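**Q** Sequence positions in the sequence shown follow UniProt numbering and run 1 to 148.
Don't be surprised by glycine CBs; every beta carbon is placed ideally from N, CA and C.
Predicted, not measured: the structure shown is a model, and the values here were computed from it.
Below is one structure. I have some questions about it.
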Amino acid sequence: MGEETECSASNTDGSNMTDESVKYYTREEVQNHNMSKDTWVIIHDKIYDITSFMEEHPGGEEVLLEQAGADATESFEDVGHSMDAREMLLQYYIGELHMDDRKKESKKEVYITTSKDAKSWSTWLIPAVAAVIVGIMYRYYMLEHKSS
Ligand code: HEM
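Written out as structure tokens, the structure reads:
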């Protein structure tokens, strides 16, 4: 279509836009490519122009058309595509979803990682404390039996 704006990779929002050659598209721009002769989809924040793949898709053209111009990540993953299918994606890659349009999940991930760390810490600490208490109780028990 040609009206896409190449978002500057040197913006100042502090995100990882370091590669100057990468093209960034907004969701709105992707939405314009929602027909069988011009089909883009978003999968894991990457943009793919799958126009030439529509007729070849083993799962049929129809399912792809339903996702045209939209985020197909969930449908793509739900099907459980093979590694071959994932590798095929590479040839249709045209750019990245603009940072402002990505779902803000990074904070959640950090939170999950932190709580996981805390969990693994407590998994060994509780048995260790329990072992020490049992040890002390055992010593007292033995001492009492020796003296009586
Ligand atoms: C856009 C990138 C996609 C590529 C490159 C792709 C590629 C493939 C490939 C190679 C297969 C054969 C099985 C396999 O190797 O996993 C397949 C099957 C399938 N795909 Fe996709 N696919 C894409 C997107 C989608 C999406 C977005 C959907 C759902 C909305 C979908 C639905 C299916 C279904 C239902 C099958 C199973 C067909 C069957 O077993 O009869 N695909 N796809």
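Mind reading off the beta-carbon distance from I42 to T73? Whole number of angstroms is fine, and I expect it under 8 Å.
**A** As a position in the sequence shown, residue 42 is number 42, starting the count at 1. As a position in the sequence shown, residue 73 is number 73, starting the count at 1. Rounded, the Cβ-Cβ distance is 7 Å, consistent with contact.
**Q** Considering only the beta carbon of each residue, do T39 and A68 sit closer than 7 Å?
**A** Along the sequence shown, read from residue 1 onward, the residue named residue 39 stands at position 39. Along the sequence shown, read from residue 1 onward, the residue named residue 68 stands at position 68. Note that the C-beta distance between T39 and A68 is below 7 Å.
**Q** Alpha carbon to alpha carbon, how far is P127 from E61? Give it in angstroms, no decimals.
**A** Along the sequence shown, one-based indexing puts residue 61 at 61. Along the sequence shown, one-based indexing puts residue 127 at 127. In a straight line, the C-alpha of E61 is about 56 Å away from that of P127.
**Q** Would the beta-carbon of A68 be found less than 6 Å away from any heavy atom of the ligand HEM?
**A** Translated into positions along the sequence shown, residue 68 becomes position 68. No; taking the cut-off as 6 Å, the Cβ of A68 has no heavy atom of the ligand HEM nearer than that.
**Q** DSSP three-state label for K146, please.
**A** Taking the sequence shown and counting its residues from 1, one reaches residue 146 at position 146. If DSSP states are grouped into helix, strand and coil, K146 belongs with the helices.
**Q** Once you ignore the five residues that flank I94 on each side, which residues in its own chain have a CB closer than 7 Å to its CB?
**A** In the sequence shown, residue 94 corresponds to position 94, counting from 1. Hits under 7 Å: K23, I47, Y48 and D49.
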